[in-house]
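Undergrad: Could you have a look at this structure, given as structure tokens, before my questions?
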Amino acid sequence: MQKDSIIDFTLTYNKFKRPLFNYACKIVKSEMFAEDICHNVFLKLYDNLEWIRDAERIEVWIFTTCRNEIFSHFRKNKNRIEESFESHEEKISAGSLFEDYERKELIDLIEEELSGMDSSQSEVYYLKEYSGLSYREIAGMMNITEDLVRSRIFKVRQKLKRAIIKSERG
21 MQKDSIIDFT
31 LTYNKFKRPL
41 FNYACKIVKS
51 EMFAEDICHN
61 VFLKLYDNLE
71 WIRDAERIEV
81 WIFTTCRNEI
91 FSHFRKNKNR
101 IEESFESHEE
111 KISAGSLFED
121 YERKELIDLI
131 EEELSGMDSS
141 QSEVYYLKEY
151 SGLSYREIAG
161 MMNITEDLVR
171 SRIFKVRQKL
181 KRAIIKSERG
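Mapping to the working numbering: the sequence shown position 1 is 21, numbers consecutive.
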């Protein structure tokens, strides 16, 4: 491997390690498994770095590979899925106990709503909101149109909005 490739890999790793981990963690609900998945993704990236030269496509390649690793994780552990879902605590910013409680309730509500949705809807939402991918990148990754990505995200946001309003009314 050439020195430039190692530098490119290091820059790519530093740029994507956090968003990739967040994406994996949101889906597998386990920091331990998310770390393993990300590790596998970056190993594959390192092994294939000479073939991946298009800097604009590398982000899509990384998240597509992560998605495939997540599916592989669930296939390998399908009999133990319940065990693999460890509780994931969101880091809540400093504030009063009441604000922390309200924020935690909101996060729990959103996670509950997302887990009850069709995976095609929740996945585009995770990719957009937690990984920061563009509509075009998500469309390319999932082999669907940008309009369909926009539509799915809009529908998810509407469902979340209705759930939040309903919970506030009690």
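Virtual Cβ for every residue (Gly too), placed ideally from N, Cα, C. Just so we're clear, the structure is a prediction, and the values are computed from it rather than from any experiment.
Does DSSP put GLU103 in a helix, in a strand, or in coil?
TA: Here residue 103 refers to the residue found at position 83 when the sequence shown is read from its first residue. Confidence at GLU103 is low in this model, with a pLDDT of 42, below 50, so the placement of that residue should be treated as unreliable; the coordinate-derived value is given next. GLU103: helix per DSSP, three-state reduction.
Undergrad: DSSP on LYS49, reduced to helix/strand/coil?
TA: Along the sequence shown, read from residue 1 onward, the residue named residue 49 stands at position 29. Residue state, collapsed to three classes: coil.
Undergrad: Quick one: using the 10 Å Cβ neighbour count with 16 as the cut-off for buried, is ARG38 buried or exposed?
TA: Translated into the one-based positions of the sequence shown, residue 38 becomes position 18. Exposed: under 16 other Cβ atoms inside 10 Å.
Undergrad: Please classify GLU188: does DSSP put it in a helix, a strand, or coil?
TA: Numbered from its first residue, the sequence shown carries residue 188 at position 168. The answer is helix: DSSP assigns GLU188 an H, G or I state.
Undergrad: Suppose you measure from the CA of MET161 to the CA of ARG182; what does that come to, to the nearest Å?
TA: The count along the sequence shown starts at 1 and reaches residue 161 at position 141. The count along the sequence shown starts at 1 and reaches residue 182 at position 162. Rounded to whole angstroms, MET161 to ARG182 spans 29 Å at the Cα level.
Undergrad: Report yes if the CB atom of TYR146 is closer than 8 Å to the CB atom of ILE47, and no otherwise.
TA: Position 126 of the sequence shown, counted from the first residue, corresponds to residue 146. Position 27 of the sequence shown, counted from the first residue, corresponds to residue 47. The answer is yes: Cβ separation under 8 Å.
Undergrad: Given that a residue counts as buried once 16 or more other Cβ atoms are within 10 Å of its Cβ, and exposed if not, what is ARG100?
TA: By one-based count along the sequence shown, residue 100 stands at place 80. Reliability of the predicted coordinates at ARG100 is poor, the pLDDT of 48 falling under 50, and the value obtained from them is presented with this limitation in mind. Classified as exposed, ARG100 has fewer than 16 neighbouring CB atoms from the shown chains inside 10 Å of its CB.
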